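Chains as they are written, first to last, in full-length UniProt numbering: chain A, 1 to 333; chain B, 1 to 333.
Report on one structure; see the data block that follows.
Given below as structure tokens:
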């Protein structure tokens with residue numbers, strides 16, 4: 001029971017995305033000491049996924065000195081429930097599509113450590129708060145603009161989980177009540193049908209079909225256009241591609257204005273593929289926010305920031321931060 | 001310094017409304033031991049208002065045993081800022097219309113007690129959480145349906161004040177982007193233009209003008225119709241009046257569905273004049289919420305509750321609860 005023998009300097013963070021699962025072993029200063037990646041898809045069952053994950057994990061655990069150096073594990077995953085330790089009915093993951101998978105418990109049994117899980121966007125928010133551009137902030141909203149739109153809301157320095165663990169689904173605010181685009185959630189007009197990577201591609205297709213303006217995008221097969229194509233065209237000054245970003249920013253700014261009346265955040269922090277467009281996207285968001293927000297909130301205007309944590313680091317670090325918290329809770333019990 | 005000599009069993013709660021200012025002296029069990037009311041309007045300056053208030057207060061302070069029995073004072077007021085102790089640019093109060101009034105400090109100087117102030121809807125939320133239907137809840141949203149629509153949001157058992165103290169302005173969520181009704185805040189389509197008492201009266205006028213249906217409301221001068229008239233007609237089964245409540249509930253249900261994705265509350269608690277319509281309003285709200293909310297949130301559906309604290313008691317008790325908190329903070333400093 002000497003202090004030295006119980007020092008466990010690392011936690012494992014897992015960013016479980018729709019395509020890749022990125023593992024990092026992280027020290028208390030937020031340095032990623034070892035990392036590995038497996039594909040998220042292609043497993044028949046959740047057990048098969050966990051098997052593959054643990055095989056990959058073992059290698060990096062050995063690299064940092066073995067399991068005795070690890071305190072806990074934190075997981076960021078879509079449709080994760082922090083309270084229950086599960087991923088539930090996750091549309092984009094075949095082995096969790098139609099079921100409730102107790103992923104925290106499954107990893108916990110296999111590696112013999114306490115494991116916590118949360119929404120991938122919540123994990124990214126904790127990462128930003130601990131190591132990134134939201135350091136020291138008590139009230140901010142993280143919006144992840146990827147295949148969908150995720151969110152992590154921090155109020156009074158705490159993540160908002162709500163009564164059931166599912167709070168922070170801002171990608172499913174209704175932003176267009178009339179003729180809204182159909183959403184994977186079964187409703188129409190959700191924010192993520194407009195402001196995700198797929199939403200941007202869809203906007204481009206709509207603009208191409210409803211105008212005769214020339215555009216570099218017309219050289220492509222319209223059904224194959226991606227948000228990356230739009231970004232590349234916009235970077236070359238393509239008018240139509242630029243108007244796609246203008247529209248996307250307008251919708252996002254309107255949505256942020258409605259978020260402001262809820263929690264009056266100090267900042268909106270953006271993360272994910274779409275933010276690579278930089279000011280092409282951020283400037284229209286800010287303009288739209290200032291035009292649409294209740295004047296009261298312009299006295300001390302919210303900042304609009306892009307994540308400073310490169311690649312999937314924010315999510316891995318965020319997931320790891322949940323691991324630290326869990327360990328602390330465990331000690332208090 | 002004996003314990004007995006420092007026992008101060010009461011706090012003062014002030015519900016500062018657009019018309020009346022209701023004072024209550026409250027004990028630690030939430031019993032109002034003495035109460036008095038003054039008009040809020042009719043004073044040239046904030047100083048005049050505080051003078052009149054302190055004259056009225058002195059009488060009930062004497063009734064409960066003098067100032068030495070009072071620990072602190074809490075105020076619930078429109079456009080109040082908890083962090084700064086002010087009421088700011090309050091449209092409905094002449095002596096605070098064009099200015100920032102440091103009301104907490106002004107009362108504090110006059111009565112020699114610590115004084116805290118918050119939004120009237122926040123005060124009502126604290127009242128419900130401490131003594132009312134939200135007792136024991138950690139995550140709920142209070143909506144006050146009066147002249148305007150106010151809100152108090154509780155997350156993790158704490159009121160959401162946001163970065164600047166102005167969080168919880170849900171009456172100013174934009175619920176109609178196309179042809180929205182003009183709002184006092186300078187924008188169009190805010191929730192409170194539809195779901196406040198004035199919003200209900202306006203809906204009735206619109207419905208009367210755009211249809212030829214017979215209605216008891218046609219016996220009234222259309223410009224003088226109030227939400228009370230609509231309520232009385234609806235209680236008699238008047239079709240047009242009932243459709244006004246149906247529409248009001250539909251808009252409120254849509255708005256609550258968007259609030260759910262933010263904080264996934266255990267309950268929505270309604271307070272204020274419009275709730276006197278009871279199920280005429282509550283049933284359409286629930287139907288609309290269930291139709292509009294993201295399916296994920298129907299697994300553990302939010303409750304829709306009406307305040308159990310009669311009249312302005314919720315606000316007075318809520319304001320007093322802020323007083324208790326303040327005293328505790330003071331002791332810790």
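Glycine included, every Cβ here is placed at the ideal spot set by N, Cα and C.
All values reported here derive from a predicted model rather than from experimental measurement.
Short CB-CB distance (under 8 Å) between residue i and chain A
{"i": "residue 263 of chain B", "result": "yes"}
{"i": "residue 332 of chain B", "result": "Confidence is the limiting factor: at residue 332 of chain B the pLDDT is only 33, short of 50, which leaves the residue's position unreliable and the question unanswerable from this model."}
{"i": "residue 294 of chain B", "result": "yes"}
{"i": "residue 164 of chain B", "result": "yes"}
{"i": "residue 297 of chain B", "result": "yes"}
{"i": "residue 187 of chain B", "result": "yes"}
{"i": "residue 33 of chain B", "result": "no"}
{"i": "residue 321 of chain B", "result": "no"}
{"i": "residue 142 of chain B", "result": "no"}
{"i": "residue 178 of chain B", "result": "yes"}
{"i": "residue 155 of chain B", "result": "yes"}
{"i": "residue 266 of chain B", "result": "yes"}
{"i": "residue 120 of chain B", "result": "no"}
{"i": "residue 325 of chain B", "result": "no"}
{"i": "residue 258 of chain B", "result": "yes"}
{"i": "residue 252 of chain B", "result": "no"}
{"i": "residue 145 of chain B", "result": "no"}
Closer than 8 Å to chain B by CB, residue i
{"i": "residue 2 of chain A", "result": "Residue placement at residue 2 of chain A is poorly supported in this model, since its pLDDT is 42, which falls under 50; the coordinates are not used for a value here."}
{"i": "residue 97 of chain A", "result": "no"}
{"i": "residue 7 of chain A", "result": "no"}
{"i": "residue 139 of chain A", "result": "yes"}
{"i": "residue 167 of chain A", "result": "yes"}
{"i": "residue 73 of chain A", "result": "no"}
{"i": "residue 158 of chain A", "result": "yes"}
{"i": "residue 173 of chain A", "result": "yes"}
{"i": "residue 300 of chain A", "result": "yes"}
{"i": "residue 103 of chain A", "result": "no"}
{"i": "residue 229 of chain A", "result": "no"}
{"i": "residue 232 of chain A", "result": "no"}
Assigned secondary structure, residue i (DSSP; H/G/I helix, E/B strand, else coil)
{"i": "residue 117 of chain B", "result": "strand"}
{"i": "residue 10 of chain A", "result": "strand"}
{"i": "residue 15 of chain A", "result": "strand"}
{"i": "residue 21 of chain A", "result": "strand"}
{"i": "residue 151 of chain B", "result": "strand"}
{"i": "residue 314 of chain B", "result": "helix"}
{"i": "residue 225 of chain A", "result": "coil"}
{"i": "residue 45 of chain A", "result": "coil"}
{"i": "residue 319 of chain A", "result": "helix"}
{"i": "residue 188 of chain A", "result": "strand"}
Residue i versus the options, residue with shortest Cα-Cα distance
{"i": "residue 140 of chain A", "options": "A:308, A:323, A:302, A:313", "result": "A:302"}
{"i": "residue 322 of chain B", "options": "B:95, B:58, B:82, B:38", "result": "B:82"}
{"i": "residue 278 of chain A", "options": "A:245, A:257, A:299, A:113", "result": "A:245"}
{"i": "residue 114 of chain B", "options": "B:142, B:150, B:216, B:72", "result": "B:72"}
{"i": "residue 335 of chain A", "options": "A:112, A:280, A:18, A:21", "result": "Residue coverage of chain A in this structure runs from 1 to 333, which leaves residue 335 of chain A outside it and unanswerable."}
{"i": "residue 147 of chain B", "options": "B:195, B:265, B:298, B:234", "result": "B:195"}
{"i": "residue 250 of chain B", "options": "B:97, B:23, B:282, B:122", "result": "B:282"}
{"i": "residue 39 of chain B", "options": "B:49, B:33, B:31, B:30", "result": "B:49"}
{"i": "residue 265 of chain A", "options": "A:21, A:274, A:289, A:247", "result": "A:289"}
{"i": "residue 151 of chain A", "options": "A:132, A:119, A:182", "result": "A:119"}
CB of residue i within 8 Å of CB of residue j, strictly
{"i": "residue 11 of chain B", "j": "residue 26 of chain B", "result": "yes"}
{"i": "residue 262 of chain B", "j": "residue 167 of chain A", "result": "yes"}
{"i": "residue 317 of chain A", "j": "residue 309 of chain A", "result": "yes"}
{"i": "residue 76 of chain A", "j": "residue 104 of chain A", "result": "no"}
{"i": "residue 240 of chain A", "j": "residue 207 of chain A", "result": "yes"}
{"i": "residue 34 of chain B", "j": "residue 58 of chain B", "result": "no"}
{"i": "residue 192 of chain B", "j": "residue 230 of chain B", "result": "no"}
{"i": "residue 95 of chain B", "j": "residue 37 of chain B", "result": "no"}
{"i": "residue 209 of chain B", "j": "residue 187 of chain A", "result": "no"}
{"i": "residue 53 of chain A", "j": "residue 21 of chain A", "result": "yes"}
{"i": "residue 121 of chain A", "j": "residue 142 of chain A", "result": "yes"}
{"i": "residue 217 of chain A", "j": "residue 235 of chain A", "result": "no"}
Cβ distance (whole Å) where residue i is taken to contact residue j below 8 Å
{"i": "residue 315 of chain B", "j": "residue 74 of chain B", "result": "About 10 Å separates the two Cβ atoms, so there is no contact after all."}
{"i": "residue 286 of chain A", "j": "residue 304 of chain A", "result": "5 Å"}
{"i": "residue 272 of chain B", "j": "residue 145 of chain B", "result": "4 Å"}
{"i": "residue 124 of chain B", "j": "residue 267 of chain B", "result": "Residue 124 of chain B to residue 267 of chain B, Cβ: 14 Å. No contact."}
{"i": "residue 67 of chain B", "j": "residue 61 of chain B", "result": "6 Å"}
{"i": "residue 174 of chain A", "j": "residue 190 of chain A", "result": "6 Å"}
{"i": "residue 275 of chain B", "j": "residue 203 of chain B", "result": "No, residue 275 of chain B and residue 203 of chain B are not in contact; Cβ-Cβ is about 17 Å, not under 8 Å."}
{"i": "residue 18 of chain A", "j": "residue 78 of chain A", "result": "7 Å"}
{"i": "residue 269 of chain A", "j": "residue 128 of chain A", "result": "5 Å"}
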